[in-house]
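In our numbering, the protein residues as written are 27 to 275. Beta carbons are placed, not taken as given, at the ideal position from N, Cα and C, and that holds for glycine.
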Ligand SMILES: NC(=O)c1ccc[n+]([C@@H]2O[C@H](COP(=O)([O-])OP(=O)(O)OC[C@H]3O[C@@H](n4cnc5c(N)ncnc54)[C@H](O)[C@@H]3O)[C@@H](O)[C@H]2O)c1
């Protein structure tokens, strides 16, 4: 399959986990992939892998909490590849802790990176995406549908992303833009060992969010992202795809 042969895809969070797997998957389908992350060091490897599997990669460092940096990132992508067909927002963080003692500055940080970061990137990319009649794939989570404890800020950010994505699909649908989310369950990436799990955590309720089908790697989410970003999904918008091994079933 070469579904991305003439396409340019900008991926945030591309240095690790799901974003990295998506860069490699879309590269393997012939895409030009603009790989974006706040963590500069691993990006060269990701770009090399995208090139190796048949795509064309480029690296760019950006902190998605910085609105000007988000605008500059889209400008750099246009400068490098001349167009933008898909924005894949995977940059994110998680911080756990008991809700009654969760530090307000940590709440702000999680909302800033996850929710505001998605918004700033969507806003910056919208003019080029509308021109290309392109699409957005955002990172929701199974936590939107089946709650995990000790993750109030993360859950709120993911619920916000889901709602914002559906809203974008309606606001821009008539102009040819699609907006969807992937909603991963627990996936084996660095994020799967989050900071802040309380020492007295109740694992009975934590285990409610474990996949029935066993652990999975980020490639299962990359496959869903590639589908949503491709023309195969041309009639799919305002949707989410749960990839969670029946956690929410
Ligand atoms: N892994 C899971 O189980 C899981 C489940 C549900 C949803 N998700 C979501 O999927 C997305 C990818 O998660 P992952 O598991 O690959 O995590 P990950 O930690 O492997 O990768 C996240 C990437 O985001 C980058 N990032 C963090 N803050 C940033 C910032 N301010 N600006 C730019 N980049 C930044 C990190 O450097 C990292 O490369 C996240 O949005 C996450 O919330 C993951």
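Rounded Cβ spacing between residue i and residue j (contact assumed at less than 8 Å)
{"i": "residue 111", "j": "residue 160", "result": "4 Å"}
{"i": "residue 257", "j": "residue 109", "result": "15 Å between Cβ atoms; not a contact."}
{"i": "residue 45", "j": "residue 158", "result": "Contact flag wrong, Cβ pair sits at about 21 Å."}
Member of the options whose CA lies at the smallest distance from the CA of residue i
{"i": "residue 81", "options": "68, 59, 71, 189", "result": "59"}
{"i": "residue 43", "options": "265, 115, 134", "result": "115"}
{"i": "residue 235", "options": "200, 172, 181, 248", "result": "172"}
{"i": "residue 91", "options": "177, 252, 166, 138", "result": "138"}
{"i": "residue 41", "options": "31, 88, 168, 72", "result": "72"}
{"i": "residue 174", "options": "124, 163, 148", "result": "124"}
{"i": "residue 121", "options": "217, 260, 253, 270", "result": "217"}
{"i": "residue 169", "options": "269, 221, 199", "result": "269"}
Endpoints, beta strand (DSSP E) assigned at residue i
{"i": "residue 48", "result": "Counting along the chain, residue 48 falls outside any beta strand (DSSP E), though it belongs to the alpha helix (DSSP H) covering 43-54."}
{"i": "residue 58", "result": "58-63"}
{"i": "residue 267", "result": "266-269"}
{"i": "residue 141", "result": "Where residue 141 is concerned, there is no enclosing beta strand (DSSP E), given that its DSSP letter is neither H nor E."}
Unbroken alpha helix (DSSP H) run spanning residue i, endpoints
{"i": "residue 247", "result": "245-255"}
{"i": "residue 231", "result": "229-232"}
{"i": "residue 188", "result": "178-198"}
{"i": "residue 90", "result": "Run containing residue 90: none; DSSP gives neither H nor E here."}
{"i": "residue 74", "result": "69-78"}
{"i": "residue 135", "result": "130-136"}
According to DSSP, residues forming a beta bridge with residue i
{"i": "residue 162", "result": "113, 205"}
{"i": "residue 36", "result": "60, 113"}
{"i": "residue 210", "result": "269"}
{"i": "residue 225", "result": "Residue 225 is not bridged to any residue."}
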